[in-house]
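Numbering (the UniProt record's numbering), first residue to last: 1 to 295.
Here is the structure:
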């Protein structure tokens, strides 16, 4: 199962926790769909990245498929992704996977994969910036997911393991970039999940490190020295821990309280306690976190 479908499967459990509030989430997500055809970013412009989360958020709520926004007319002018950066290339693949690959020509798929492959690094990984010598955790995860969405695998997929090894940190975790001495929750969650998809057991100390990033009152820190927990770190950490069947039962109640503290009555979720804005991305991560906490 692809990363996309794996996350969606769990996020679909969120309505069990939301109850009647699920209607508010649906209303909020639909309000972020633009007249031009994509979902809006924080600058009120339609964007491929936010369209991924807007559409998958609605799918997670199990709304009637016939009422889902049809993004295909908006996607088609993007073609094979010419002019897009790495992140948006990967998002284009994921948007088409959500909208239906039958309407995305095979030649365009191959060309899109080639554009993504241009971000391959000499160490076997991928980086979101061009012409880097070493890959990043974020780049590796996005590329792997994009190839899955396009129905394939990266060329020589085992080479990602070399890059992943170069991102290990002395504290037993992973950093997003090489040479950083302290682990990152999002990078470690990405690498734990990618290990499982590559049929490689993640190091036990990395799983233990992830567990330690959860505060007693709930919520995961992005870094051990971070001043406050955030929703993205919480959602991806729970997803990674669940992927390796780690027992995080004791974290569920405090994390539910934390996610609830980020809920907004208009139907969205804030990224953290200092974030005043609402968007599709963090609302989707709210659904993902609630899905894991409902089990």
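A virtual CB, placed ideally from N, CA and C, is assigned to each residue, including glycine.
Output the distance between the C-alpha atoms of residue i and residue j, rounded to the nearest integer angstrom.
| i | j | result |
| --- | --- | --- |
| residue 119 | residue 20 | 44 Å |
| residue 28 | residue 278 | 9 Å |
| residue 15 | residue 210 | 26 Å |
| residue 335 | residue 17 | No answer is possible for residue 335: it lies beyond the span of the chain, which begins at 1 and ends at 295. |
| residue 317 | residue 174 | There is no way to answer for residue 317, as the model of the chain reaches only from 1 to 295. |
| residue 81 | residue 8 | 24 Å |
| residue 102 | residue 197 | 25 Å |
| residue 12 | residue 287 | 8 Å |
| residue 187 | residue 126 | 13 Å |
| residue 75 | residue 85 | 16 Å |
| residue 254 | residue 219 | 7 Å |
| residue 256 | residue 271 | 15 Å |
| residue 194 | residue 266 | 35 Å |
| residue 72 | residue 96 | 8 Å |
| residue 233 | residue 83 | 30 Å |
| residue 38 | residue 116 | 22 Å |
| residue 176 | residue 1 | 24 Å |
| residue 106 | residue 99 | 15 Å |
Give the range of the alpha helix (DSSP H) segment to which residue i is assigned.
| i | result |
| --- | --- |
| residue 73 | 72-75 |
| residue 163 | 160-165 |
| residue 156 | That residue, residue 156, is in no alpha helix (DSSP H); it is neither H nor E in DSSP. |
| residue 250 | 249-261 |
| residue 9 | 3-11 |
| residue 95 | 86-99 |
| residue 186 | 185-197 |
| residue 168 | Neither: residue 168 is in no alpha helix (DSSP H) and is coded neither H nor E. |
Pick helix, strand or coil for residue i, following the three-state DSSP scheme.
| i | result |
| --- | --- |
| residue 215 | coil |
| residue 46 | strand |
| residue 149 | helix |
| residue 282 | helix |
| residue 40 | strand |
| residue 138 | helix |
| residue 64 | coil |
| residue 104 | coil |
| residue 120 | strand |
| residue 273 | coil |
| residue 230 | strand |
Using the beta-carbon count (16 or more within 10 Å), is residue i buried or exposed?
| i | result |
| --- | --- |
| residue 155 | exposed |
| residue 200 | exposed |
| residue 43 | exposed |
| residue 182 | exposed |
| residue 158 | exposed |
| residue 213 | buried |
| residue 114 | exposed |
| residue 62 | exposed |
| residue 230 | buried |
| residue 291 | buried |
| residue 165 | exposed |
| residue 153 | exposed |
| residue 110 | exposed |
| residue 32 | buried |
| residue 217 | exposed |
| residue 26 | buried |
| residue 47 | buried |
| residue 283 | buried |
| residue 51 | buried |
| residue 141 | buried |
*Report yes or no: do the segment 161-169 and the segment 143-150 share at least 3 C-beta pairs separated by less than 8 Å?*
With fewer than three CB-CB distances shorter than 8 Å, the segment 161-169 does not count as touching the segment 143-150.
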